[in-house]
Amino acid sequence: MSPILLAEQVLNGLQSGVMLFLMAAGLTLIFGVMGLINLAHGSLYMIGAFAAAAVAGATGSFALALVAALAAAAAAGALIELLVIRRLYARDHLDQVLATFALILILSEGTRWLFGSFPLYLNMPAGLSGTVTLPGGIVYPVYRLALIAVGIAVALGLWWLNARTRLGIRIRAGENDREMIAALGVDISKLYTLVFAIGAALAGLAGALVGAIQSVQVGMGEPVLILAFVVIVIGGIGSIKGALIGALLVGLTDTLGGVLLPELFKLFTDPASAAATGSAFASMAIYVLMAGVLIWRPTGLFGART
0 MSPILLAEQV
10 LNGLQSGVML
20 FLMAAGLTLI
30 FGVMGLINLA
40 HGSLYMIGAF
50 AAAAVAGATG
60 SFALALVAAL
70 AAAAAAGALI
80 ELLVIRRLYA
90 RDHLDQVLAT
100 FALILILSEG
110 TRWLFGSFPL
120 YLNMPAGLSG
130 TVTLPGGIVY
140 PVYRLALIAV
150 GIAVALGLWW
160 LNARTRLGIR
170 IRAGENDREM
180 IAALGVDISK
190 LYTLVFAIGA
200 ALAGLAGALV
210 GAIQSVQVGM
220 GEPVLILAFV
230 VIVIGGIGSI
240 KGALIGALLV
250 GLTDTLGGVL
260 LPELFKLFTD
270 PASAAATGSA
280 FASMAIYVLM
290 AGVLIWRPTG
300 LFGART
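For what it's worth, numbering that gives the first Met the number 0 labels the leading residue of the sequence shown as 0, then goes sequentially.
Right, dumping it as structure tokens:
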């Protein structure tokens, strides 16, 4: 494999990782503060993608599409928290899983009823549709570089929110002792709704951004949700830094595994079977990574030790 191709795959892995981070950050924020297992998080990703595709198709503006994705996902998240999730905080995790799985079915069928069963397509902005030549002769799409930049900017914004603002203090306090901050006068119900809306907005943003490089269709959020759960297990539940590091590890492992493992198996088998065998092992690589991290550190890379 040429160095240029390897560098391109590394960039692809970074791009995949930062998009996974947007999903995983919201998921780990919700789980860390509320202790809630939210299987419907992938549906919020889907809602953001469909809202962006619909608004972009009606207005032709990608910027308005992103605003619509954030607003639709945040509004859907707040509504879900008020009507359904609020009744689940004191319930068993099995009840949470069953209720949020039911939400997946409701939101998927509702989206199909509203937009139809056929995929929608979201065009990327004209200014980001070309390629750029990077040092070393690497030709890479501008839009994918923009996705990496957006992911880094969101990570910095979340760090600032969590570490430098009064809301961040309340979120961190809510992770550690929700009864105490409620006793100090913080409206814990409003805090939970706000946190859930922020997490939903991040998922919707990820759906809108990825929707420009793949089709927007019903059920598109579930495969990403599985990877997001892998990310927060690797990074540590409740840790934004862990979500970022875990997402980058998963993105790079998944992308580079799909390229390098087939090449490795060519040394031992014929090229035809090497591609199939390498691809099969590549799909397992992220779960092997997760198992290795859990054996070494059961709470994840940045999870709190008990």
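Positions of the beta carbon are idealized from the N, C-alpha and C atoms, including for glycine.
Fair warning: this is a prediction, and the values are worked out from it, not measured in the lab.
Buried or exposed for residue i, please, with buried defined as at least 16 other CB atoms from any protein chain shown within 10 angstroms of its CB.
i    : result
L155 : exposed
E207 : A quick correction: the sequence has Ala, not Glu, at residue 207. A207 should be labelled buried.
M219 : buried
A279 : exposed
T58  : exposed
I225 : exposed
P134 : exposed
R165 : exposed
T305 : Only weak support exists for where T305 lies, its pLDDT of 48 falling under 50; the value from the coordinates is given anyway. Counting Cβ neighbours within 10 Å, T305 comes out exposed, since fewer than 16 surround it.
V209 : buried
F24  : The amino acid occupying residue 24 in the given sequence is Ala; Phe does not appear at that position. Answer is buried; the Cβ neighbour count reaches 16.
S238 : buried
T99  : buried
L21  : buried
R163 : exposed
P261 : buried
M179 : exposed
E7   : buried
T268 : exposed
G56  : exposed
S107 : buried
A53  : buried
I294 : exposed
N175 : exposed
L4   : exposed
G277 : buried
L204 : buried
L104 : exposed
L183 : exposed
A306 : A question about residue 306 goes unanswered here, because the residues of the chain that appear run from 0 up to 305.
T132 : exposed
G129 : exposed
V138 : exposed
G256 : buried
G126 : exposed
Can you check DSSP and say which residues form a bridge with residue i?
i    : result
V137 : It should be noted that the sequence gives Ile, not Val, for residue 137. In the DSSP output, where bridge partners are listed per residue, I137 has L133.
L160 : Partner(s): none; L160 has no beta bridge.
V215 : L119
On the premise that residue j lies in contact with residue i, defined as a C-beta separation below 8 Å, what is that separation, rounded to the nearest angstrom?
i    : j    : result
A200 : A73  : 4 Å
L300 : I244 : 6 Å
A89  : F195 : The Cβ separation is near 16 Å, so there is no contact.
P118 : S214 : 4 Å
I168 : L28  : At roughly 15 Å, the Cβ-Cβ gap does not stay under 8 Å, so I168 and L28 are not in contact.
G241 : G302 : 7 Å
L19  : A246 : 4 Å
Q95  : L102 : Actually they are not in contact, since the Cβ atoms of Q95 and L102 sit about 11 Å apart, beyond 8 Å.
N161 : R171 : 7 Å
L121 : A211 : 5 Å
R111 : V217 : 5 Å
V83  : G173 : Actually they do not touch by this definition, with Cβ atoms about 20 Å apart.
F30  : I231 : 7 Å
L344 : T192 : Nothing about residue 344 can be read from this structure; the chain reaches only from 0 to 305.
With 7 Å set as the bound, which would you pick, yes or no: does the beta-carbon of residue i sit closer than that to a beta-carbon of chain D?
i   : result
A77 : No chain D appears in this structure, which consists of one protein chain only.
Taking 6 Å as the line, does the beta carbon of residue i fall inside it for any heavy atom of the ligand FMN?
i    : result
E174 : The model depicted lacks the ligand FMN and carries no ligand whatsoever.
> At which residue ranges does the segment 58-109 contain complete alpha helix (DSSP H) runs of 4 or more residues, listed in the order of the chain?
Replying inline: 61-82
> If you pair each beta-carbon of the segment 30-47 with each one of the segment 65-81, do three or more pairs fall below 8 Å?
Replying inline: yes
>> Check whether the segment 9-17 and the segment 181-189 touch, using three or more Cβ-Cβ pairs below 8 Å as the test.
In response: no
> If we count Cβ pairs, one from each stretch, closer than 8 Å, do we get three or more for the segment 282-295 versus the segment 251-261?
Replying inline: yes
>> Whether or not the segment 221-236 and the segment 26-43 are in contact is what I'm after, with contact meaning three or more pairs of Cβ atoms, one per stretch, closer than 8 Å; do they touch?
In response: yes
>> To test your reading of the DSSP string, which unbroken alpha helix (DSSP H) runs of 4 or more residues are found completely within the segment 187-260?
In response: 187-210 and 220-234
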